[in-house]
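Undergrad: Counting in the numbering used here, the sequence shown runs from 102 upward without gaps. Quick one: this structure, given as structure tokens, is what I'll be asking you about.
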Amino acid sequence: MPLTLREKNRKELLPSWMRFFLWIFFGVFLLSPLFLIPLFLGGTTISLSIYGYHYNGVGFHPFALGGIVLMWSLSLTGYSLLWGKSWGIYLGLLQGTLGILIPISSFLVSLYLGGFHIPGELILFIPWTIHLYKIKGQWLKE
């Protein structure tokens, strides 16, 4: 389905670095059936890392399922912003806020446990959130 003029105008508000990451997020969704195979094989261990938290273990674990839900929400964010959906700006801002708060919490947990780990997600999600906040008015007006 081709983009409408409004959706094209919204998409043009996104800088190329952001579109690059949005395509990666959307690609995760397209490849997600491959990631889910270990969940159905039972007893197979999986390895996930998102927002500074790491998990190695069986697939049917609350943390593993939570990580998969977060990855799918990133994919939905990628779709909504790349295709210029009106609600995409809200999802992008929510994702940016989570992308800042969750890594900060993982940093604090690592300090509490005696480690030191600065999640790399902050490098992406701080400018991400600032940019989306700046274009929010234009996005909704388009």
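Cβ atoms here follow ideal geometry from the backbone N, Cα and C, with glycine treated the same way.
Report the three-state DSSP secondary structure of residue 198 (helix, strand or coil).
TA: It is helical.
Undergrad: Nearest to residue 153 by alpha carbon, out of 242, 241 and 219?
TA: The shortest C-alpha separation from residue 153 is found at 219.
Undergrad: Give me the DSSP bridge partner(s) of residue 156.
TA: Answer is 149.
Undergrad: How big is the Cα-Cα spacing for residue 134 and residue 212?
TA: Roughly 35 angstroms between the two C-alpha positions.
Undergrad: Below 7 angstroms between beta carbons: does that hold for residue 181 and residue 130?
TA: No.
Undergrad: Residue 192 and residue 178: beta carbons closer than 7 angstroms?
TA: Taking 7 angstroms as the Cβ cut-off, residue 192 and residue 178 qualify as a contacting pair.
Undergrad: Counting only the same chain and skipping the five closest in sequence on each side, list residues whose C-beta sits under 7 angstroms from that of residue 174.
TA: So the list reads 196, once near-sequence residues are dropped.
Undergrad: Taking the Cβ atom as the reference point for each residue, do residue 157 and residue 148 lie within a distance shorter than 7 angstroms?
TA: Yes, they are a contact pair.
Undergrad: On the CB-based measure, 16 or more other CB atoms within 10 Å of its CB, does residue 169 come out buried or exposed?
TA: Result: buried.
Undergrad: Give me, in chain order, the residues of the same chain whose beta-carbon lies closer than 6 angstroms to that of residue 171; leave out the 5 immediate sequence neighbours on both sides.
TA: 151.
Undergrad: To the nearest angstrom, how far is the alpha carbon of residue 113 from that of residue 216?
TA: Distance between the alpha carbons of residue 113 and residue 216 is about 42 angstroms.
Undergrad: By how many angstroms is the C-alpha of residue 225 removed from the C-alpha of residue 110?
TA: When rounded, the distance between both Cα atoms is 23 angstroms.
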